[in-house]
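Student:
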Amino acid sequence: PAPKLLFLTAPNNPDGSPIAAGDLRRLLQLPLVVVLDEAYIEFHGSGFIEWVPRHPNLIVLRTFSKWAGLAGLRVGYGAFPRPVIEQLWKIKQPYNVNVAGQVAALASLEDVETLRANVARIVAAREQFQRDLRRIPWLEPYPSRANFVLARVLHRDAAAVKEALARRGILVRHYRTPRLRDHLRFSIGTPAQMARLMEGLQAL
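Quick note, the numbering used here runs 41 ahead of the 1-based positions in the sequence shown.
#1: Where does S149 fall in DSSP's three states?
#2: Check the C-beta distance from R226 over to R208 and give it rounded, since I have them as a contact under 8 Å.
#3: For T104, which beta-bridge partners are listed by DSSP?
#4: I believe Q171 touches P182 by the beta-carbon criterion, under 8 Å. Please report the beta-carbon distance rounded to the nearest angstrom.
#5: Take the Cβ of N137 as the centre, count every other Cβ of all protein chains shown within 10 Å, and call the residue buried at 16 or more, exposed below.
#6: What's the C-alpha gap between S87 and A205?
#7: Just to confirm, are P59 and H96 a CB contact at a threshold of 9 Å?
#8: Is the CB-CB distance between I90 and A51 below 9 Å?
#9: Looking at the unbroken beta strand (DSSP E) that takes in L180, where does it start and where does it end?
#10: Assuming L46 and V74 are in contact, meaning their beta carbons sit under 8 Å apart, how far apart are those beta carbons, in whole angstroms?
#11: Tell me whether T155 sits in a helix, a strand or coil according to DSSP, three-state version.
#12: L100: which of T218, Q243 and W92 sits nearest, CA to CA?
#13: Can you tell me whether E79 is buried or exposed, with buried defined as 16 or more other CB within 10 angstroms of its CB?
#14: Provide the residue(s) that pair with D78 in DSSP beta bridges, ordered along the chain.
#15: So does the segment 120 to 131 actually touch the segment 153 to 173, counting three or more Cβ pairs closer than 8 Å?
#16: With distances taken Cα to Cα, identify the nearest neighbour of P94 among P122, L77 and R103.
#17: What do you reckon, are the CB atoms on A112 and A146 nearer than 9 Å?
#18: Beta-carbon separation of M235 and A161 under 9 Å?
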């Protein structure tokens with residue numbers, strides 16, 4: 042049977058790549074619903090939520106977990122075509138966002154400028170970190186538009202690099218899936234954390 046629903050993440054996890062407008066436009070011409078997860082969009086700068094009113098088969102999902110730092114509170118939102126909303130109301134669960142999540146989200150919206158400044162700091166740190174990684178001969182970073190950077194580990198065992206960093210108190214993400222076994226993903230932290238990470242990588 043032909044697919045009816047397509048889920049995409051943009052920027053993508055784990056490589057942080059965005060989706061091009063032309064690619065999304067072509068997908069929207071297919072006879073299916075496209076659900077675009079933009080959880081990391083604030084670190085990219087431009088998304089497709091404004092396309093929803095013009096495309097009856099596009100749904101865009103976003104979250105407070107990343108840019109607002111509310112991971113664990115499960116606060117998200119979406120933009121849906123009206124006919125989809127009408128159908129969702131028929132099957133909606135009786136429980137809404139928990140009170141703690143609601144309070145935290147409202148507090149975030151009252152201090153958006155501070156949060157945007159923090160996003161800008163993370164983006165600047167990401168760009169600098171990617172430049173720094175390119176100077177390490179055994180790492181090959183992917184261009185990222187999220188709050189993390191994925192890098193291929195060359196001529197070394199990625200799992201061993203992860204363990205060596207862990208012994209220094211530095212935690213990074215290693216994947217066991219076949220196509221990512223030689224990769225590590227680094228989250229962007231504070232300036233002190235990023236300096237410590239670079240020191241750890243350069244010492245290996």
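Cβ atoms here follow ideal geometry from the backbone N, Cα and C, with glycine treated the same way. Just so you know, these numbers come straight off a predicted model, no measurement behind them.
Tutor: So, from the listed chains and residues:
#1: What you label residue 149 is simply residue 108 of the sequence shown in a count that begins at 1. S149: helix per DSSP, three-state reduction.
#2: By one-based count along the sequence shown, residue 226 stands at place 185. By one-based count along the sequence shown, residue 208 stands at place 167. With a Cβ gap of about 19 Å, R226 and R208 do not count as contacting.
#3: By 1-based counting over the sequence shown, the position of residue 104 is 63. Answer is G117, bridged to T104.
#4: Here residue 171 refers to the residue found at position 130 when the sequence shown is read from its first residue. Here residue 182 refers to the residue found at position 141 when the sequence shown is read from its first residue. Right, the Cβ-Cβ distance comes to about 5 Å (below 8 Å), so this counts as a contact.
#5: Residue numbering aside, residue 137 sits at position 96 when the sequence shown is read from its first letter. N137 is exposed by the Cβ-count criterion.
#6: Numbered from its first residue, the sequence shown carries residue 87 at position 46. Numbered from its first residue, the sequence shown carries residue 205 at position 164. One alpha carbon belongs to S87, the other to A205, and they sit about 37 Å apart.
#7: What you label residue 59 is simply residue 18 of the sequence shown in a count that begins at 1. What you label residue 96 is simply residue 55 of the sequence shown in a count that begins at 1. In this structure, H96 does not lie closer than 9 Å to P59 by Cβ.
#8: As a position in the sequence shown, residue 90 is number 49, starting the count at 1. As a position in the sequence shown, residue 51 is number 10, starting the count at 1. Not in contact: I90 and A51 (Cβ atoms no closer than 9 Å).
#9: In the sequence shown, counting from the first residue as 1, residue 180 sits at position 139. L180 to P182 is the extent of the beta strand (DSSP E) around L180.
#10: As a working note, residue 46 is residue 5 in the sequence shown. As a working note, residue 74 is residue 33 in the sequence shown. Correct: roughly 5 Å between the Cβ atoms.
#11: Here residue 155 refers to the residue found at position 114 of the sequence shown. It is helical.
#12: In the sequence shown, the residue the question calls residue 100 occupies position 59. Note that residue 100 is Ile in the sequence shown, not Leu. Selected option, being the one with the closest Cα: W92.
#13: Residue numbering aside, residue 79 sits at position 38 when the sequence shown is read from its first letter. So E79 ends up on the buried side.
#14: Along the sequence shown, read from residue 1 onward, the residue named residue 78 stands at position 37. In the DSSP output, where bridge partners are listed per residue, D78 has T50 and L102.
#15: By the Cβ rule, the segment 120 to 131 does not count as touching the segment 153 to 173, because fewer than three pairs are nearer than 8 Å.
#16: Counting from one through the sequence shown, the residue named residue 94 turns up at place 53. It is P122.
#17: Locating residue 112 in the sequence shown gives position 71, where the first residue counts as 1. Locating residue 146 in the sequence shown gives position 105, where the first residue counts as 1. Contact: no.
#18: Reading the sequence shown from its first residue, position 194 is the one you call residue 235. Reading the sequence shown from its first residue, position 120 is the one you call residue 161. The answer is no: Cβ separation not under 9 Å.
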